[in-house]
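First up is the structure itself, then whatever we jot down about it.
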Amino acid sequence: MFLFLLFIIVVAIIFVKERSANFESNYIVPKMAAVIPAVTKLSSQVIRILGCNPGPMTLQGTNTYLIGTGRNRILLDTGDKDVQEYQKHLSEVVQSEKVNIEHIVVTHWHHDHIGGVENIYGSIAAKPLIWKHKRSSDDSPDSELPTEIPINWLSDGQEIKVEGATVKVHHTPGHTTDHVILTLLEENILFSGDCILGEGTAVFEDLYTYMKSLNKILELKPRVIYPGHGNVVEEPIQKIEYYIAHRNQREEQILGALKNNLNKQLNEMDLVKLIYTETPEHLWPAAAYNVNHHLTKLTKENKIKCITVDGETRWQYNVNSNL
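And the structure:
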């Protein structure tokens, strides 16, 4: 997993430098992206506090959200660990609103979402309930946070209530296995975590489950999306459909290339050379990484076959797939 994260960081840095290249951008801030203030009251029920951790993977920073209208509130995500500027802003909001953070919900295990829990627990928030979904069936709290900070496991469909707000948990794996989104039932607001961003498209661990999660989000028909990174998405259905169409288009290109080479077994780099014709050659390894995600998904759907040739994994179109 460490190597996966390191690889994505390197790819993102390359993308920033190669903004003009014809290749999917992940977590890149468009030049005209509106500046996100440190603290924003988005509605009577939601205050956004920016994580103050900008970078190629976090855009302008992680968006954290204080949810509710009464004394006890829900904090969604906590930014990175030891970001003093963020801790200062969050503390000021808690004091000015005269509130208590009763629950901290973490959308997934990445450090820019869970890292700040260690700073907040026992200080800005006295003893909040920490909530997160398991990464796997044998996940243990000790692997996520120090033992003195207990974790409560989330379940799909669970609801957490405070005065003025009821949030419903939806398990949406793909970006990570433990990823969840929340819907604020009173206002039909969707907190998308890293499934959908305010700008650009998202990276993922497993495309097959990620696509299923995108369709699950589409079925929720949210009024607005408050993302984990980037600006508020005011036209959520259009955004979700774009995410789905973007991945489907790349999938169609890969299937087309395999169909046109029925008698050949192709690897990721073979497909990159056929599909990413306008992409600079030094970006081909990154393109091959994305292609592999699509190939894994298509294999799970029995649309293509995975074959080992001389110890190397290759793929071939499945003529019996009824496509």
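For the sequence shown, the positions run 10 to 332 when the numbering used here is used.
C-beta atoms are modelled at their ideal positions from N, C-alpha and C, and glycine is treated no differently.
The structure presented is a predicted model; accordingly, all values stated were derived computationally and were not measured.
Inset, instruction - Report buried or exposed for Ile-249, applying the criterion of at least 16 other Cβ atoms within 10 angstroms of its Cβ. - result: Working through the sequence shown from its first residue, we reach residue 249 at position 240. Counting every other CB atom within 10 Å of its CB across the protein chains shown gives Ile-249 a total of 16 or more, marking it as buried.
Inset, instruction - Tell me, to the nearest whole angstrom, how far the beta carbon of Arg-323 is from that of Leu-267; I am working on the premise that it is less than 8 angstroms. - result: As a position in the sequence shown, residue 323 is number 314, starting the count at 1. As a position in the sequence shown, residue 267 is number 258, starting the count at 1. At roughly 10 angstroms, the Cβ-Cβ gap does not stay under 8 angstroms, so Arg-323 and Leu-267 are not in contact.
Legend entry - Cβ shell of Pro-39 (< 6 angstroms), same chain only, five flanking positions each side left out: As a working mapping, residue 39 is identified with position 30 in the sequence shown. Residue confidence for Pro-39 is low, a pLDDT of 46 falling below 50, so the modelled location carries little weight; the figure read from the coordinates is stated next. Closer than 6 angstroms at the Cβ level, and outside the excluded window around Pro-39, lie Glu-208.
Inset, instruction - Please determine if the stretch 270-286 and the stretch 236-245 are in contact, where contact requires at least 3 C-beta pairs separated by less than 8 angstroms. - result: The stretch 270-286 and the stretch 236-245 do not touch, with fewer than 3 CB-CB distances between them shorter than 8 angstroms.
Inset, instruction - Put Asn-224 into one of helix, strand or coil per three-state DSSP. - result: To locate residue 224, count along the sequence shown from 1; it is residue 215. In the three-state reduction of the DSSP assignment, Asn-224 falls in the helix class.
Legend entry - In DSSP terms, what Leu-193 is bridged to: As a first step, residue 193 must be located in the sequence shown, where it is residue number 184. Beta-bridge partners assigned by DSSP to Leu-193: Val-176 and Ile-198.
Inset, instruction - Tell whether a beta-carbon distance below 8 angstroms holds between Gln-192 and Pro-245. - result: Position 183 of the sequence shown, counting from 1, holds the residue named residue 192. Position 236 of the sequence shown, counting from 1, holds the residue named residue 245. For the record, residue 192 in the displayed sequence is Thr; it is not Gln. The Cβ-Cβ distance between Thr-192 and Pro-245 does not fall below 8 angstroms.
Legend entry - Presumed contact (8 angstroms Cβ cut-off) between Asp-86 and Thr-71, rounded CB distance: Along the sequence shown, one-based indexing puts residue 86 at 77. Along the sequence shown, one-based indexing puts residue 71 at 62. Contact between Asp-86 and Thr-71 holds: CB atoms are separated by about 6 angstroms, below the 8 angstroms threshold.
Inset, instruction - Work out the CA separation of Thr-175 and Lys-221 for me, nearest whole Å. - result: For this step, residue 221 is matched to residue 212 along the sequence shown. For this step, residue 175 is matched to residue 166 along the sequence shown. Using only the alpha carbons, I get a separation of about 25 angstroms.
Legend entry - Touching by the beta-carbon criterion (3+ pairs, under 8 angstroms), the stretch 211-225 and the stretch 289-309: Touching, yes, given that three or more Cβ pairs across the two stretches are closer than 8 angstroms.
Legend entry - Buried versus exposed call for Arg-164 [16 or more other C-beta atoms within 10 Å across all chains shown]: The sequence position of residue 164 within the sequence shown is 155, counting from 1. One point to set straight first is that residue 164 is Ser, not Arg, in the sequence displayed. So Ser-164 counts as exposed.
Inset, instruction - Name the residue from Thr-116, Arg-57 and Lys-107 whose alpha carbon lies nearest to the alpha carbon of Arg-144. - result: Counted from its first residue, the sequence shown places residue 144 at position 135. When Thr-116, Arg-57 and Lys-107 are compared, the shortest CA-CA separation from Arg-144 is found for Thr-116.
Inset, instruction - Inspect the beta-carbon positions of Ile-169 and Val-114 and report whether they are closer than 8 angstroms. - result: By 1-based counting over the sequence shown, the position of residue 169 is 160. By 1-based counting over the sequence shown, the position of residue 114 is 105. Yes, the pair counts as a contact, with Cβ atoms nearer than the cut-off.
Inset, instruction - Check whether the Cβ atoms of Val-189 and His-142 lie closer than 8 angstroms to each other. - result: Walking along the sequence shown from the start, residue 189 turns up at place 180. Walking along the sequence shown from the start, residue 142 turns up at place 133. Cβ distance < 8 angstroms, so Val-189 and His-142 count as in contact.
Inset, instruction - Could you tell me how far apart the beta carbons of Val-48 and Val-102 are, in whole angstroms, since I believe they sit closer than 8 angstroms? - result: The residue given as residue 48 occupies position 39 in the sequence shown. The residue given as residue 102 occupies position 93 in the sequence shown. Indeed they touch by this definition, with Cβ atoms about 6 angstroms apart.
Inset, instruction - Assign Ala-254 to one of three DSSP states: helix, strand, or coil. - result: Position 245 of the sequence shown, counting from 1, holds the residue named residue 254. Look at Ala-254 here: in three-state DSSP terms it is helix.
Legend entry - Same chain only: Cβ atoms within 7 angstroms of Ala-30, ignoring 5 sequence neighbours per side: Counted from its first residue, the sequence shown places residue 30 at position 21. The pLDDT assigned to Ala-30 is 35, lower than 50, so where the model puts this residue is not dependable; a value taken from the coordinates is nonetheless given after this. Hits under 7 angstroms: Thr-288, Pro-289 and Leu-292.
Inset, instruction - State buried or exposed for Met-66, treating a residue as buried only when at least 16 other CB atoms are found within 10 Å of its CB. - result: Taking the first residue of the sequence shown as position 1, residue 66 is located at position 57. Buried.
Inset, instruction - Give the DSSP-derived three-state secondary structure of Thr-218 in the structure shown. - result: What you label residue 218 is simply residue 209 of the sequence shown in a count that begins at 1. Of the three classes helix, strand and coil, the one that applies to Thr-218 here is helix, per DSSP.
Legend entry - Beta-carbon proximity check, Asp-89 vs Gly-131, cutoff 8 angstroms: Your numbering for residue 89 matches position 80 in the sequence shown. Your numbering for residue 131 matches position 122 in the sequence shown. It is not a contact, given that the beta carbons lie outside the stated cut-off.
Inset, instruction - Determine the closest residue to Pro-155 out of Glu-127, Val-178 and His-179, with distance taken between C-alpha atoms. - result: As a first step, residue 155 must be located in the sequence shown, where it is residue number 146. With respect to the C-alpha of Pro-155, the residue from Glu-127, Val-178 and His-179 having the closest C-alpha is Glu-127.
Legend entry - Residue interval of the beta strand (DSSP E) (run including Trp-118): If you number the sequence shown from 1, residue 118 lands on position 109. No beta strand (DSSP E) holds Trp-118; DSSP gives it neither H nor E.
Inset, instruction - Determine the extent of the alpha helix (DSSP H) in which Gln-93 is found, giving its start and end residues. - result: By one-based count along the sequence shown, residue 93 stands at place 84. 93-106 is the span of the alpha helix (DSSP H), which, as asked, contains Gln-93.
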